[in-house]
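The block underneath contains the structure these notes are about, expressed in structure tokens.
Residue numbers (my numbering): 1 to 267.
Structure follows, in structure tokens:
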């Protein structure tokens, strides 16, 4: 089968960004970038299932976004690193929250640690990859099975600029390598699943989240000196890119990696 073609490609452009009536899933949806992804999809009209692992207040957050956007937003606890658990959760969401359907899945959950490469042990190395790489695959696999049965669906991965360069001064070989793997995984799945799913990636640069604000001022200043844009991105500045990839406005786009970094990767 060919890549999915919307019923009317000539529909007015703004309507192509609408996600009204769509069912979306966002992993890592209770913290950082994930919160704004959930908010953006909900603002565009989608009903959103927010998946979290340990974040406190996820249920209250979902209720607040639902109130603000007048769509359904619900929190579901699950571990993306556990293949059977995340598969069961996504299946449950499709059958119950989605009333038998699923349209959009954003594999956003991730972890990062500053660890010298000579100091990794099996546990720290595997934990990074279990979430950042394995978790993305298990999330996509669960979604892909549903999308294949439906005939269409949309998958978005959150990677990082760390997939294409080595950040300084932090030492995060495991994180960088896992994010590079995610970008190539998306390309592979985009080709293999072309007859029933689009698969794309967003790679943010430095984003104003808890992960960043906990850093020493000296490190923040060093990062700023490397960014041509001379400021840190707010997480809310990313949500429109996810809405773009989630809708019919880019129906011929698959296997792409959108870098949003204020020019950080250009020099």
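Yeah, the Cβ is synthetic: ideal placement off N, Cα and C, and Gly gets one too.
All figures in this text were calculated on a predicted structure; none of them were measured in a lab.
Query: Compare the beta carbon distance of residue 104 and residue 24 with 8 Å and say whether it is the shorter of the two.; Result: yes
Query: In whole angstroms, give me the CA-to-CA distance for residue 196 and residue 219.; Result: 44 Å
Query: Helix or strand or just coil, what does DSSP make of residue 39?; Result: helix
Query: Who does residue 50 pair with in a DSSP beta bridge?; Result: 26, 75
Query: Please state if the CB of residue 114 and the CB of residue 172 are separated by a distance shorter than 8 Å.; Result: yes
Query: Which word fits residue 200, buried or exposed, when buried means at least 16 other C-beta atoms lie within 10 angstroms of its C-beta?; Result: buried
Query: Count the other C-beta atoms from every protein chain shown that fall within 10 angstroms of the C-beta of residue 213, then say buried if there are 16 or more, exposed otherwise.; Result: exposed
Query: Give me whichever residues DSSP pairs with residue 156 in a beta bridge.; Result: 106, 200
Query: Could you tell me if residue 124 is buried or exposed, where buried requires 16 or more neighbouring beta carbons within 10 angstroms of its beta carbon?; Result: exposed
Query: Which residues in the same chain have their Cβ closer than 6 Å to the Cβ of residue 47, if we skip the five residues on either side of it in sequence?; Result: 23, 71, 72
Query: Among residues of its own chain, excluding the 5 on either side of residue 110, which ones have a beta-carbon nearer than 7 Å to its beta-carbon?; Result: 28, 131, 132, 158
Query: Could you tell me the alpha carbon to alpha carbon distance between residue 223 and residue 202, rounded to whole angstroms?; Result: 20 Å
Query: Residues bridged to residue 33 by DSSP?; Result: BP columns for residue 33 are empty, so no partner.
Query: Quick check on the DSSP output: the alpha helix (DSSP H) that includes residue 257 runs from which residue to which?; Result: Where residue 257 is concerned, there is no enclosing alpha helix (DSSP H), although the beta strand (DSSP E) it sits in stretches over 257 to 260.
Query: Roughly how many angstroms separate the alpha carbons of residue 20 and residue 44, rounded to a whole number?; Result: 7 Å
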